[in-house]
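Chemist: Before anything else, here's the structure in question.
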C-alpha cells in the first residue's frame, strides 16, 4: 500500500498510508489524513487521489502553493520517490513495494554510501565511509535539477573548495568536493547529534541555559566567518548541527547563496531561504552582510526559547512582509520567566534596520556571555548564605551539648563531695 512520509519539517517522521481508490488530504486541519503543524501550510492544502489507474497530487487552492520535485503544480501524476513540498514540509511519496535507494551500498569516488540521513533543497545527505582514511563522513549529493546546470556546478565547486579552507570549532568542516558517474557531491564532517531543528520539532523549546550555550557556539562560528568575509545567508535551526558532546556547528556556510540564486531564477513564486528567519534587507532583495546572519540567529533564538517563530502567516509572502513591517510579540510576554536582559539581547539582534542591530558577531558573543554570567551569579551567591546559616546552627547545637555536659559533670562532682 502506498504511503506518504514526512522527511523534513516540524512533523518529520509522521506517515500515512493511502488506500487505493481513495483520497488523502494534507493540511493543518486536524481532520486531514496527513495533519501538519507547519504554519505555512493551508488548512486544506492539497490531496493525493487515485484516478484513471494512477496516483495524482492536486493543489486545492492553497495560499502558498504545492510543489512536486521543485516545481509548482496544480494537478500532477505521482511516481515512486517523488517529493511534495508543502510550506516547509517535504513529503515523500513511497510506492509499494518500498523502493530501495540505489546509492546505498555503492562506492562513489572513494566513499561507500551507508545510510540516507535526510533530504534538503540541494539533494540528499548520506552517511558514508571514506575508505582511504577509514572515517565516517556526511556526503551531500546534488539533485539532478542542479547537476544538469553547468554554471551552477562551476559556482558550487568554487564555493565548496573555498569552504574546505575554513577551519573553526563551530563550523562543520568540508573535506572534499567532486564528481563521479554524474553525481556531484561534497563531503563534510559527520555530526552525530543531528540538528537543533530536530530538538525543537513539534513546538518544543529549550531551557534558557542550554539555548544560550548553543547560540554562543553559532555566534562564535559567525565571528570567524565574518573575519573571512563569508556570509551564510540562511542561518536557521536546520543549519545548526550538534556533535556527541552537544557542541553546535554551522553547516552549509556560504553555499546557501548559490542555492538561493538558482531557486529564485527557477521558481520566482516559490520560497527561497527560509521566510521564518530571513532578514528584512535580504527579503527586499538587497545584498546581505554579516548583520543579516545576526538577524537570522536572533530569529532562531526566539524560536528555540518560545517554541514558535517570530511571525506566523498563511503564506511565505505573509511571513516575509511581517519581517519587513511588523513587530513580533515581545519574547518576555510569551515566556515571562525569561530574564529581561536575555529578551533585550534578542531584540537587539533582530532590529529591522541593520544599523540599529548588533554590528558584529563578536558583539553578540560578548552580550550573551554577559547574560549567561548574570544568570549563573545568583546561584553562586546563595551558597555562602546557606553555609553560614548551617554553620551557625551547628555552633548553637555544639554550645548546647557542651553546656549540658558541663552541668552534668558539676552535678556528679557535687554529689561526690556531699557523700
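Residue numbers (our numbering): 1080 to 1498. The beta carbon of each residue, even a glycine, is placed where N, CA and C say it ideally should be.
If you count every other CB in all the chains shown that lies within 10 Å of the CB of residue 1364, and 16 or more means buried, which is it?
Modeler: exposed
Chemist: Beta-carbon within less than 8 Å of residue 1371's beta-carbon, same chain only, minus the 5 sequence neighbours each way: which residues are those?
Modeler: Sequence-distant Cβ neighbours of residue 1371 in its own chain, meaning closer than 8 Å and more than five residues away, are 1310, 1312, 1358, 1360, 1361 and 1433.
Chemist: For residue 1121, count the other beta carbons within 10 Å of its own beta carbon; 16 or more makes it buried, fewer makes it exposed. Which is it?
Modeler: buried
Chemist: Within 10 angstroms of the Cβ of residue 1227, are there 16 or more other Cβ atoms? Answer buried if so, exposed if not.
Modeler: Within a 10 Å sphere around the beta-carbon of residue 1227 sit fewer than 16 other beta-carbons, which makes this residue exposed.
Chemist: Using a 10 Å radius around the Cβ and a threshold of 16 neighbouring Cβ atoms, would you call residue 1237 buried or exposed?
Modeler: exposed
Chemist: Can you tell me whether residue 1382 is buried or exposed, with buried defined as 16 or more other CB within 10 angstroms of its CB?
Modeler: Its Cβ being crowded by 16 or more others within 10 Å, residue 1382 is buried.
Chemist: Measure the alpha-carbon distance for residue 1285 versus residue 1447 and round it to whole angstroms.
Modeler: 16 Å
Chemist: On a Cα-Cα basis, can you pick out the residue from 1102, 1088, 1107 and 1438 that is closest to residue 1393?
Modeler: Here the closest residue by C-alpha is 1107.
Chemist: Buried or exposed: residue 1215, going by 16 or more other Cβ atoms within 10 Å of its Cβ?
Modeler: Residue 1215 counts as exposed, since fewer than 16 other beta carbons sit within 10 angstroms of its beta carbon.
Chemist: Residues in the same chain with beta-carbon distance under 8 Å from residue 1091, minus the five sequence neighbours each way, listed in chain order, please.
Modeler: 1085, 1277 and 1280
Chemist: Taking 8 Å as the cut-off, does the segment 1114 to 1131 touch the segment 1195 to 1213 (at least 3 CB pairs, one atom from each stretch)?
Modeler: no
Chemist: Per DSSP, what kind of secondary structure is residue 1461 in: helix, strand or coil?
Modeler: Low confidence applies here, because residue 1461 scores a pLDDT of 43, under 50, leaving its location unreliable and the question unanswered by this model.
Chemist: What distance in whole Å lies between the Cβ atoms of residue 1398 and residue 1355, which are believed to be in contact at a cut-off of 8 Å?
Modeler: 6 Å
Chemist: Based on Cα-Cα distance, which residue from 1162, 1419 and 1431 lies nearest to residue 1450?
Modeler: 1419
Chemist: Taking C-alpha atoms, which residue in 1265, 1251 and 1410 lies nearest to residue 1378?
Modeler: 1410
Chemist: Taking 8 Å as the threshold (C-beta atoms), are residue 1387 and residue 1322 in contact?
Modeler: no
Chemist: Kindly list the residues whose CB is nearer than 6 Å to the CB of residue 1115, restricted to its own chain and excluding five residues on each side of it in sequence; keep chain order.
Modeler: 1090, 1107 and 1168
Chemist: So, with DSSP's three-state summary, where would you put residue 1332?
Modeler: Three-state DSSP puts residue 1332 in coil, outside helix and strand.
Chemist: Can you list, in chain order, the residues of its chain with a C-beta nearer than 6 Å to that of residue 1211? Leave out the 5 residues immediately preceding and following it.
Modeler: Only 1189 meet the Cβ criterion.
Chemist: Take residue 1314 and list the residues in its own chain whose beta-carbon comes closer than 6 Å to its own, dropping the five residues that flank it on each side.
Modeler: 1372, 1375 and 1376
Chemist: Mapping the DSSP letters down to three states, classify residue 1454 as helix, strand or coil.
Modeler: DSSP places residue 1454 in helix when its eight states are reduced to three.
Chemist: Among residues of its own chain, excluding the 5 on either side of residue 1141, which ones have a beta-carbon nearer than 7 Å to its beta-carbon?
Modeler: 1121, 1124 and 1125
Chemist: Given this structure, state the Cα-to-Cα distance separating residue 1117 from residue 1088, to the nearest angstrom.
Modeler: Cα-Cα distance, rounded: 7 Å.
Chemist: With residue 1289 and residue 1249 assumed to form a contact (beta carbons below 8 Å), what rounded beta-carbon distance in angstroms separates them?
Modeler: Contact flag wrong, Cβ pair sits at about 16 Å.
Chemist: Taking 8 Å as the cut-off, decide whether the C-beta atoms of residue 1149 and residue 1209 are in contact.
Modeler: No, the pair does not count as a contact, with Cβ atoms beyond the cut-off.
Chemist: So, at 6 Å on beta carbons, what are the nonlocal neighbours of residue 1440 in its own chain, with the 5 sequence-adjacent residues on each side left out?
Modeler: 1298, 1301, 1302 and 1305
Chemist: Just verifying my parser: in three-state terms, what is the DSSP assignment at residue 1105?
Modeler: strand
Chemist: Nearest-angstrom Cα distance between residue 1471 and residue 1245?
Modeler: Only weak support is given to the placement of residue 1471: the predicted model assigns it a pLDDT of 49, under 50, and the value that follows is read from those uncertain coordinates. Linking residue 1471 to residue 1245 through their CA atoms gives a straight-line distance of about 58 Å.
Chemist: Could I get the ranges of all uninterrupted alpha helix (DSSP H) runs contained in the segment 1199 to 1266, with 4 residues as the minimum, in chain order?
Modeler: 1223 to 1226 and 1229 to 1242
Chemist: Within 10 angstroms of the Cβ of residue 1040, are there 16 or more other Cβ atoms? Answer buried if so, exposed if not.
Modeler: It is not possible to answer for residue 1040, since the shown part of the chain is limited to 1080 through 1498.
Chemist: In the segment 1269 to 1295, which residue ranges form an unbroken alpha helix (DSSP H) of at least 4 residues, counting only runs that do not cross its ends?
Modeler: 1275 to 1278
Chemist: Under 6 Å Cβ to Cβ from residue 1243, same chain only, skipping five residues before and after it: list those, please.
Modeler: Listed in chain order, the non-local C-beta contacts of residue 1243 below 6 Å within the same chain comprise 1253, local neighbours out to five positions each way being set aside.
Chemist: Residue 1138 by DSSP, collapsed to three states: which one?
Modeler: DSSP places residue 1138 in strand when its eight states are reduced to three.
Chemist: Could you pull the start and end residues of the alpha helix (DSSP H) that residue 1427 belongs to?
Modeler: Residues 1419 to 1428.
Chemist: Identify whether residue 1154 lies in helix, strand or coil by the three-state DSSP scheme.
Modeler: strand
Chemist: Give me whichever residues DSSP pairs with residue 1172 in a beta bridge.
Modeler: DSSP lists 1083 as partners of residue 1172.
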